[in-house]
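In this note's numbering, the protein residues as written are -14 to 254.
See below:
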């Protein structure tokens, strides 16, 4: 169905792979169109409980394809200055929404990063729930070297993940943060020595998540994101509403029964 991604579902785990290895998985316009469609479909698919996002070839994702930036010249054909700016703003919203679809997907998304994770690639992993990388991976907020301000999520999400000073250093300098440093600063949960070890470790993590109550996993993601953007008091109030509406579920009964019977629980989709 897709030209820019590979999507595979097995044992309740969806693996989504950037599939432009000859272009370092840089995202052209077709990729930006396909990405939100994929994550919205996985959002609705009851068979999917967790998602792994990775890259084919030697790199994770080199961000936005330069052809996309070059094509922005088409907006100069609009004679009205106001309409020109409105069209450009709409295009930026389109890219932002493509990445937000990852965050808005109710299933946890695990980024498995190797090689380059540059520019838009950083925007993308910042929207994921968890990040793991190889030692040879590197991260760069590259927009500063292109005369741009990063505008599709990095400067909004990374300060909620890293210390603000670290984000500022990365954004101001565009320096490469190696995989060996990523776990130290909190950009990744863990660093693996090889891509094989990375994929094995992430697969095991995904399998563990897939074995839990799907309803509770979805609820946990929703609560974590809500708490990130609201006060403690607001988040506690929202928590009571969620639990009051979802507490008496089949998953609760199955979890207690499995525990009493000393067996692994079997949950619905």
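Note that beta-carbon positions come from the ideal geometry of N, C-alpha and C, so glycine has one too. Everything numeric in this text was worked out from a predicted model, so none of it was measured.
*Inspect the beta-carbon positions of residue 106 and residue 24 and report whether they are closer than 8 Å.*
Working through the chain shown from its first residue, we reach residue 106 at position 121. Working through the chain shown from its first residue, we reach residue 24 at position 39. Contact: no.
*For residue 85, does the three-state DSSP call read helix, strand or coil?*
Mapped onto the chain shown, residue 85 falls at position 100. In the structure shown, the three-state DSSP call for residue 85 is helix.
*Can you name the start and end residues of the alpha helix (DSSP H) that residue 134 belongs to?*
Here residue 134 is taken as the residue at index 149 of the chain shown, counted from 1. Taken as a continuous stretch (DSSP letters only), residue 134 belongs to no alpha helix (DSSP H), as it is neither H nor E.
*For residue 139, collect the residues of the same chain with a Cβ closer than 7 Å to its Cβ; drop the 5 residues on either side in sequence, then sort them by chain order.*
On the chain shown, position 154 is the one that residue 139 refers to. Only 107, 108, 111, 126 meet the Cβ criterion.
_My output table needs one value for residue 104: the three-state DSSP class, helix, strand or coil._
Locating residue 104 in the chain shown gives position 119, where the first residue counts as 1. In the structure shown, residue 104 falls within a coil segment according to DSSP collapsed to helix, strand and coil.
*Report the option in 184, 188, 117 whose CA atom is closest to the CA atom of residue 170.*
As a working mapping, residue 170 is identified with position 185 in the chain shown. Here the closest residue by C-alpha is 117.
*Collapsed DSSP secondary structure at residue 33 in the structure displayed*: For the purposes of this step, residue 33 is taken as the residue at position 48 of the chain shown. Coil at residue 33, not helix or strand.
*asked:* Here's the rule I'm using: 16 or more other beta-carbon atoms within 10 Å means buried, otherwise exposed. How should residue 233 be labelled?
replied: The residue you call residue 233 lines up with position 248 of the chain shown. Per the 10 Å Cβ criterion, exposed.
*Can the beta-carbon of residue 49 be found closer than 8 Å to that of residue 104?*
By 1-based counting over the chain shown, the position of residue 49 is 64. By 1-based counting over the chain shown, the position of residue 104 is 119. Yes. Within cutoff.
*asked:* Need the endpoints of the alpha helix (DSSP H) that residue 209 sits in, please.
replied: What you label residue 209 is simply residue 224 of the chain shown in a count that begins at 1. Looking at the DSSP string, the run of the alpha helix (DSSP H) that includes residue 209 is 199 to 214.
*Is it true that the region 27 to 36 meets the region 58 to 75, where meeting means three or more beta-carbon pairs spaced less than 8 Å apart?*
Output reads no: the region 58 to 75 does not touch the region 27 to 36.
*Integer Cβ distance of residue 180 from residue 119, believed to fall under 8 Å*: What you label residue 180 is simply residue 195 of the chain shown in a count that begins at 1. What you label residue 119 is simply residue 134 of the chain shown in a count that begins at 1. The Cβ separation is near 5 Å, so the contact holds.
_Can you check which of these residues, 190, 81, 124, 16, is closest to residue 100 by C-alpha distance?_
Within the chain shown, numbered from 1, the residue matching residue 100 stands at position 115. Nearest option by C-alpha distance: 124.
*Give me the Cα-Cα distance between residue -6 and residue 227, rounded to the nearest whole angstrom.*
One-based indexing of the chain shown puts residue -6 at position 9. One-based indexing of the chain shown puts residue 227 at position 242. C-alpha separation (whole angstroms): 29 Å.
*Where residue -3 falls: helix, strand or coil (DSSP)*: The residue you call residue -3 lines up with position 12 of the chain shown. Coil at residue -3, not helix or strand.
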